[in-house]
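Residue 878 is where the sequence shown starts when you use the working numbering, and the numbers rise one by one after that. All C-beta atoms, glycine included, are put in the ideal place defined by N, C-alpha and C. Worksheet for the structure shown next.
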Amino acid sequence: MTIRTSNNWGVPGHITGLFQIVQDDNPLYMGSRGAGFSIENLIKTKIIAYEASKNYQINYNGKPFDGRVSLEVVKNFEEFWEEDLKLIIDHNSQLPIQGGFGTSGAGALGTAFALNELFELDKSPEELGQIAHKAEITCKTGLGDVISQLHSQAEMRLDPGAPGIGVIKKIDWPKNQKILSIFHGIMSTKDIITNPKKIEEINTTAFNLLLDLRKNPTLELFLELSYKFATESGLLTGELKELNDFIRAEGYKSSMIMLGGSIFVVDTRDNLKSCSQLISDKYPKAKMWIDSLATKGPRIIT
878 MTIRTSNNWG VPGHITGLFQ IVQDDNPLYM GSRGAGFSIE NLIKTKIIAY
928 EASKNYQINY NGKPFDGRVS LEVVKNFEEF WEEDLKLIID HNSQLPIQGG
978 FGTSGAGALG TAFALNELFE LDKSPEELGQ IAHKAEITCK TGLGDVISQL
1028 HSQAEMRLDP GAPGIGVIKK IDWPKNQKIL SIFHGIMSTK DIITNPKKIE
1078 EINTTAFNLL LDLRKNPTLE LFLELSYKFA TESGLLTGEL KELNDFIRAE
1128 GYKSSMIMLG GSIFVVDTRD NLKSCSQLIS DKYPKAKMWI DSLATKGPRI
1178 IT
């Protein structure tokens, strides 16, 4: 028997351009310094609760998948229901998993907000954000997406950690600037953020770049430093580098999405349409779409 159903919660995707890994034994304090922006391309989460034997099913676009981050969030809420429950957690989005678009962080936030609503817990957005951040850190699927997605817009993460602990600063973003995303393939965040050699390369490369951006947090400098970071850190390689080189040779400001097999370009909508046509002509199988900057964090949608 269905006992309750949540509203549909939408959380913006997120793109990181450059970052530095900050480790800590306490997951609430672990995270990243860095910079990125949220996109108005939502990951939608809805939860249905049944009175039945304990069972949690996670779906992405209607298909079961290993939603370990969402399950980690659920563990933090189990104390609030006494009876055995079956939960069906439905995530829906056009954004690909492991593409660098913050889908795990958005799914974690959506799950936390939906459970908070379902069981009338009255937890604050900050508390829910901390639960989601902790789940991401525990599962090694992300470092700084959650705090960014909670606040939306474009941001510098000045100090690492969960909402209420980490510190962010807004980056100026002209209203006419949109985002073209090009998805080329998946990449495992865990493989990179648990590799000591990669961590050292990333952190060494990011250090001075983030200091420069902190002094002048503009979109233009963010785009320049993101490209520097992608190339100098050694993360941008192979076919993804070839794609990015092609886009930049045509005069567009592009870089790699961290951490995923994807590229982002920022420009006016008309210019991005021209850019996408050039890419389609050379890479007919490329998956692309244009988004606006997200100006709201988690919210109920219809």
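- Residue environment analysis places Ala1126 among the exposed positions, since fewer than 16 neighbouring C-beta atoms fall within 10 angstroms of its C-beta.
- Membership of Pro889 in the beta strand (DSSP E) is indicated by the continuous run 885-899.
- Shown here for Ile1178: same chain residues with a beta carbon closer than 6 Å to its own, the five before and five after excluded, namely Asn885, Gly887 in chain order.
- Rounded to whole angstroms, Ser1131 and Val1143 show a C-alpha spacing of 7 Å.
- Using a Cβ-Cβ distance cut-off of 8 Å, the region 1020-1036 and the region 1161-1179 are in contact, since at least three pairs of beta carbons, one from each stretch, lie closer than that value.
- Checking the DSSP bridge columns, you'll see Ile1178 partnered with Asn885.
- The C-alpha of Tyr1104 is placed about 14 Å away from the C-alpha of Gly1128.
- By alpha-carbon distance to Ser970, the top candidate from Asp943, Ser1151, Ser981 is Ser981.
- The region 912-919 and the region 935-943 do not touch, with fewer than three beta-carbon pairs separated by less than 8 Å.
- Between Thr1018 and Thr1082, the gap from beta carbon to beta carbon reaches 7 Å or more.
- Counting only residues of its own chain and dropping the five nearest sequence neighbours on each side, Gly1041 has a CB closer than 7 Å to the CB of Glu1003, Gln1007.
- Secondary structure at Asp1049: strand, using DSSP grouped into helix, strand and coil.
- Contact between Met1033 and Pro1073 is ruled out by a C-beta separation of about 26 Å, above the 8 Å threshold.
- Between Met1133 and Asn1121 a beta carbon distance of about 6 Å is seen, short of the 8 Å cut, so the two are scored as contacting.
- For Phe996, the closest of Trp958, Tyr927, Asp943, Lys1118 by C-alpha to C-alpha distance is Trp958.
- With the rule of 3 Cβ pairs closer than 8 Å, the region 890-904 does not count as touching the region 923-933.
- Note on Leu1005: 16 or more other CB atoms within 10 angstroms of its CB, so buried under the neighbour-count rule.
- If you ignore the 5 residues before and after Lys931, its C-beta comes within less than 6 Å of the C-beta of Asp961, all in its own chain and listed in chain order.
- In the three-state reduction of the DSSP assignment, Leu1057 falls in the strand class, which pools E and B.
- Around the CB of Val1044, fewer than 16 other CB atoms lie within 10 Å, so the residue is classed as exposed.
- If you check the CB distance, Gly1138 and Leu1155 do not come in under 7 Å.
- Here Thr988 is buried, its C-beta having at least 16 other C-beta atoms within 10 Å.
- Beta-carbon to beta-carbon, Gln897 and Arg881 are separated by about 42 Å, too far to satisfy the 8 Å threshold.
- For Asp1068, the enclosing alpha helix (DSSP H) begins and ends at 1066-1070.
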